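What follows is a set of notes on a single structure, which appears directly below.
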Amino acid sequence: MHVIPIRSSCRIRVTVNGRPVELDVRPEALLLDVLRDRLELKGARRSCDVQVCGACTVLLDGAPVSACTFLAVEADGREVLTVEGLATGDRLDPLQEAFMDHGAVQCGFCTAGMLLTARALLAEEPAPSPARVAEYLRGSLCRCTGYRKIVEAILACARPAGVAR
Amino acid sequence: MLRPFALYQPATVAEASEVLARDGRDASLYAGGTEVLLILKAGLLRVRSLIDVKRVPGLAEIRADDGHLSIGATATHRAVERAPAVHARCPLVAGVARHVANIRVRNVGTVGGNLAFADPHSDLATVFLVFDAVVRLASRAGERELPLGDFVRGAYETARAEDELLTAVRLAPWPAGAAGAYVKFGVHERPTLGVAVALMRDGAAIAGARVAVGCVGPRPQRAGAAEERLRGWALADLERHADEVAALAAGEVEPVTDLHGSSEYKRDMTRVFVRRTLLVAAARAAGRDTHARHPHTIIV
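If you read the sequences in order, they're chains A and B. Counting from 1 along the first sequence, just add 909 to a position and that's the residue number in this note's numbering. Counting from 1 along the second sequence, just add 255 to a position and that's the residue number in this note's numbering.
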């Protein structure tokens, strides 16, 4: 049986935004704190702290998870994508462009989580319906935009139904 | 922030059970962490040992088994939503899995964790009750099985012994021709009420019915009197009798007052939603799709 004793650390190897990272973490370390405080990636934010709001969303092997309620040790051997990893150099991701074009960003607090959640949805379903976008965004809270502009921005990046890219 | 703990990653049920037996209330089982990490962060639970059961082989398995559907404890909601065996045997369960909490919770949260945590405001136990679910518990000493209705004893309270872990839940698929529905209502993150209905058919008549109501009381329960009343009627007459059956179910539940509403409110909403769920199930049994829409309601 593998054991990480209390108050001791364990070495984890994680690919963060495409870059391999080795870190020593305690079993109780939360992924969100490791990203923000150890790796200086401040895009994922602590807000509700109970997996309700989506502000701390990161993609783990492509799937959205709440970094506020996820043990860092569990990221060992896996790929983490934060909002900082969306752009390629100076070139923004199409979703980021669409969020700007559609006015889907106001205060910006939810934006990182929204973008990553949208990225996961489109990877899974390239041509979602508006209703499916809304359903997938359940649990991603925005208190500024009323969601419509966010949904429109995501749909602008969706492949038209029935059209191969 | 979490207080320090040791993380155990047992490779067998026996190893997990041993840590549980040794550390007692200082230990907690852990799979997805969507429930236990929350109460650890809130300081409502303090442990020195967290036992991650995700490395125990076979515990995440979902399989058709001897006419039943067996869902391993560490299967995530997402896995249940997608599993071909679930779609083939108990499609309603796949639909419910798709609407549990939100996408992040579904990606890591597990079926076993959900049942063993026994949060009253939850979907799975309610819908599993209309599949006559049986949970499998294992420890160093061996295995036992328990009907889900006996396993869940109250709010956050189960029949699991201190050294036991829940390893799987077994569902009995409905006979051919049966139809059902799950309807949940709520304006908060967790559901305020969930109703599951199954109607078994004998030609145009209702040969048997299962009605389960969750979230309104400390634990989900079957509405036996309502089920009994439904039996033998013609499906086509259900709409006429739905009020009466819904009132029976509302009389059977044991609602409690909490942040989701008063017990009187929940009893009345039970009546409203049992009626609605019966009508959806009846429409499906008749081969019609329902286009019912209600505010703050998800119809599965």
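Here a beta-carbon is modelled for each residue, glycine too, at the ideal position from N, C-alpha and C. Since the model is a prediction, treat every value here as computed from it, not as a measurement.
Practice task
For the region 922-937 of chain A, enumerate the residues whose C-beta is nearer than 8 Å to any C-beta of chain B, in chain order.
Solution key: For the region 922-937 of chain A, which is checked against every Cβ of chain B, the residues closer than 8 Å are Arg935, Pro936, Glu937.
Exercise for the section: Rounded to whole angstroms, what's the CA-CA distance from B:Glu499 to B:Glu509? Just pull it up for me. Expected result: Whole-angstrom Cα-Cα distance: 18 Å.
Exercise for the section: In angstroms with no decimal places, state the Cα-to-Cα distance between A:Asp985 and B:Leu257. Expected result: One C-alpha to the other measures close to 19 Å.
Problem - Proximal chain A residues relative to B:Gly288, where beta-carbon distance stays under 9 Å - result: The contacting residues are Thr978, Phe979, Leu980, Glu983.
Practice task
Decide yes or no for the touch test of the region 461-480 of chain B against the region 370-387 of chain B: beta carbon pairs closer than 8 Å, at least 3 of them.
Solution key: Output reads yes: the region 370-387 of chain B touches the region 461-480 of chain B.
Problem - Selected residue, minimal CA-CA separation from B:Val424, among B:Ala453, B:Ala489, B:Gly368, B:Asp457 - result: Ranking the options by Cα distance to B:Val424, first place goes to B:Gly368.
Problem - C-alpha gap between A:Met1023 and A:Pro1003, whole angstroms - result: One Cα belongs to A:Met1023, the other to A:Pro1003, and the distance between them is close to 14 Å.
Practice task
Can you give me, in chain order, the residues of the region 357-382 of chain B that have a beta carbon less than 7 Å from any beta carbon in chain A?
Solution key: Answer set for the region 357-382 of chain B: Asn357, Ile358, Arg359, Val360, Asn362, Val363.
Handout entry: Integer Cβ distance of B:Leu448 from B:Ala478, believed to fall under 8 Å
Key = Rounded, the Cβ-Cβ distance is 13 Å, inconsistent with contact.
Practice task
Out of B:Gln476, B:Leu284, B:Asp418, B:Glu482, state which residue places its alpha-carbon closest to the alpha-carbon of B:Ala462.
Solution key: Residue B:Glu482 is the option with its Cα nearest to B:Ala462.
Handout entry: Supposed close pair A:Cys965, A:Arg954 - CB separation, criterion 8 Å
Key = At roughly 6 Å, the Cβ-Cβ gap stays under 8 Å, so A:Cys965 and A:Arg954 are in contact.
Exercise for the section: Sort out for me which residues DSSP pairs B:Arg399 with in a bridge. Expected result: BP columns for B:Arg399 point to B:Leu392.
Practice task
Give, in chain order, every unbroken run of the beta strand (DSSP E) that is at least 3 residues long and sits entirely within the region 326-395 of chain B.
Solution key: Those beta strand (DSSP E) runs which fall completely within the region 326-395 of chain B and span 3+ residues are 389-394.
Problem - Where the beta strand (DSSP E) containing A:Tyr1056 begins and where it ends - result: In this chain, A:Tyr1056 is not harboured by any beta strand (DSSP E), its DSSP state being neither H nor E.
Problem - Where A:Arg1074 sits in the DSSP three-state scheme - result: Any reading at A:Arg1074 needs caution, since the residue's pLDDT is 47, under 50, leaving its predicted position unreliable; the model's value is listed next. In the structure shown, A:Arg1074 falls within a coil segment according to DSSP collapsed to helix, strand and coil.
Problem - DSSP three-state assignment for B:Pro475, whether helix, strand or coil - result: In the three-state scheme derived from DSSP, where H, G and I count as helix and E and B as strand, B:Pro475 is classed as coil.
Problem - Proximity test, Cβ basis, 8 Å: A:Ser1038 and chain B - result: Not one chain B Cβ lies under 8 Å of A:Ser1038.
Problem - Under 7 Å from the C-beta of B:Leu314: neighbouring residues of chain A - result: Residues of chain A whose Cβ lies closer than 7 Å to the Cβ of B:Leu314 do not exist, since the nearest Cβ in that chain is about 15 Å away.
Practice task
Look up B:Lys439 in the DSSP assignment and say whether it is helix, strand or coil.
Solution key: In this structure, B:Lys439 counts as strand in the three-state DSSP scheme.
Problem - Residue span of the beta strand (DSSP E) that contains B:Met455, given as start and end - result: 448-457 is the span of the beta strand (DSSP E), which, as asked, contains B:Met455.
Handout entry: Continuous beta strand (DSSP E) stretch holding A:Pro973: start and end
Key = It spans 972-975 - the beta strand (DSSP E) in which A:Pro973 sits, taken as one unbroken run.
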